[in-house]
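Q: At position 139 of the sequence shown the residue is numbered 139 (full-length UniProt numbering), and the sequence of numbers has no breaks. Beta carbons: idealized from backbone N, C-alpha and C, even for Gly. The structure presented is a predicted model; accordingly, all values stated were derived computationally and were not measured. To start, I am sharing the structure in question, which I have written as structure tokens.
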Amino acid sequence: MKELRETIHNATLTKTQKLIAKYVLDNSADACFMTSTDIADTLGVSESSVVRFSRSLGYSGFMEFQKSLRKDYQDKVLSISSSITVPSQRVAKQAKLETNSDYIKRHYKNTTKNLDTIFSQNATSAFDEAANIIINSRHKYIVASRGNACLGDYFLLYLKHMVRGVESTSSASISPIDHMCNISKEDCLIVFSFPRYSSMDKLAVQMACDAGAQIILFTDKPSALLAPYATVLITVPVDSNAFFNSLVAPQFACEALLDTISHHVKGIEKRLKKIDQYLSELGTY
């Protein structure tokens, strides 16, 4: 949509064409699904005026212009998880779009964009600070709900291989609140919270905050629900063209923090040898 705005800004348009341009820019989500006749009727102009408007922007006709609008809509709207969080709504929006078979390429492009954003949004010092908090805390509680649970479980497994006092809050019969009932200012909480944000995550964060514990938060943006509570905030986009969040970038951020921790603690080799000694008896690795 940014490119379209620039094209319109640089084009020489008539008064009628400027009216059409304003409508398209202000109502892009609807305009990309409207025919030239629909737009003409809505604005009270002729259909030929809409076609001429398209050509004045360098398109061969309205169909090519509409195709470009739909692509912009797909890239801008469907890929922004904070705008469309309900899975059924994402599917409904996606169904309206003209799609092709390049799902994997589109997903790859979106994923690499998410990964690149990590470095522009977070300084390496944030990972160093988070690592120091985790290493120096007595207990390290990890909270991650539903679709984010895989991130929490992964972080739990490998953090346990490096430091003491790592506590899972995931259990079928016990809530995070029960697990965290003894949390204090000497402890820390690591939270993975992405849209749709969990109320349980919020309660856990509030509990940690009330206890004076430090909070390391992985979330999608600085304005996210739990961001104000964070001691260290690591923002990672989960934008996706599918009905579910893309967790590739959060997984990378998770691994980056684990890697940072591994360079600051001692005794990892001894601990890993002990784990391997017993796992080898089972043949389960």
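Cα-Cα, which of Cys188, Ser145, Val143 is closest to isoleucine 133?
A: Among Cys188, Ser145, Val143, the Cα nearest to that of isoleucine 133 belongs to Cys188.
Q: My understanding is that valine 143 touches proline 176, with C-beta atoms under 8 Å, so please give their C-beta distance in whole angstroms.
A: Confirmed, Cβ separation roughly 5 Å.
Q: Quick check: serine 62 and serine 46, are their CB atoms within less than 7 Å of each other?
A: Reading the sequence as shown, one finds phenylalanine at residue 62 and not serine. No; because the gap between Cβ atoms is not below 7 Å, this pair is not in contact.
Q: Is DSSP giving threonine 14 helix, strand or coil here?
A: The answer is coil: DSSP assigns threonine 14 none of H, G, I, E or B.
Q: Considering Cα atoms alone, identify which of Thr284, Lys266, Asp239 is closest to threonine 117.
A: For threonine 117, the nearest C-alpha among the options comes from Asp239.
Q: Here's the rule I'm using: 16 or more other beta-carbon atoms within 10 Å means buried, otherwise exposed. How should asparagine 241 be labelled?
A: Flag for asparagine 241 reads buried.
Q: If we call anything under 7 Å between Cβ atoms a contact, is serine 246 one with serine 198?
A: No, they are not a contact pair.
Q: I'd like the span of the alpha helix (DSSP H) that includes residue 287, first residue to last.
A: The structure shown has nothing for residue 287, since the chain only spans 1 to 285.
Q: Please report the straight-line C-alpha distance between threonine 29 and glutamine 66, rounded to a whole angstrom.
A: Residue identity check: residue 29 is alanine in the sequence provided, not threonine. In a straight line, the C-alpha of alanine 29 is about 11 Å away from that of glutamine 66.
Q: For a quick check, are the C-beta atoms of alanine 204 and serine 184 less than 7 Å apart?
A: Taking 7 Å as the Cβ cut-off, alanine 204 and serine 184 do not qualify as a contacting pair.
Q: Tell me the residue span of the alpha helix (DSSP H) that contains cysteine 209.
A: Its alpha helix (DSSP H) spans residues 199-211.
Q: Using three-state DSSP, classify leucine 217 as helix, strand or coil.
A: Residue state, collapsed to three classes: strand.
Q: Taking one C-beta from the segment 124-140 and one from the segment 159-167 each time, how about it: are there three or more such pairs within less than 8 Å?
A: Yes, they touch.
Q: Report buried or exposed for tyrosine 103, applying the criterion of at least 16 other Cβ atoms within 10 angstroms of its Cβ.
A: The residue is exposed, with fewer than 16 neighbouring Cβ atoms inside 10 Å.
Q: Thinking just about the alpha-carbon of each residue, which of Tyr229, Lys221, Ser173 is nearest to the one in isoleucine 190?
A: Closest option to isoleucine 190, Cα to Cα, is Tyr229.
Q: Nearest to lysine 268 by CA position, among Asn10, Thr42, Ala131, Lys160, is which residue?
A: For the record, residue 268 in the displayed sequence is isoleucine; it is not lysine. Ranking Asn10, Thr42, Ala131, Lys160 by Cα distance to isoleucine 268 puts Lys160 first.
Q: Name the one or two DSSP bridge partners that isoleucine 142 has.
A: Paired residues: Ser168, Ile190.
Q: In this structure, how does DSSP classify residue 289 when only helix, strand and coil are distinguished?
A: Given that the chain is displayed from residue 1 to residue 285, the structure contains no residue 289 and the question cannot be resolved.
Q: Distance check for valine 51 and glycine 58, CA to CA, integer angstroms please.
A: If you take the alpha carbons of glycine 58 and valine 51, they lie about 11 Å apart.
Q: Going by DSSP in three states, arginine 196 sits in which element: helix, strand or coil?
A: Three-state result, arginine 196: coil.
Q: What does a CB cutoff of less than 7 Å around proline 257 pick up in its chain, not counting 5 residues either side in sequence?
A: Inspection of the sequence shows that residue 257 is occupied by leucine rather than by proline. Taken in chain order, the residues that qualify are Phe127, Ala130, Ala131.
Q: With a CB to CB cut of under 8 Å and the five nearest residues on each side skipped, what residues in its chain are close to alanine 249?
A: Here the set comprises Thr111, Asn114, Leu115, Thr117, Ile118, Val236, Pro237, Val238.
Q: Drop a sphere of 10 angstroms on the beta-carbon of isoleucine 174, count the other beta-carbons inside from all chains shown, and report buried for 16 or more, exposed for fewer.
A: Per the 10 Å Cβ criterion, exposed.
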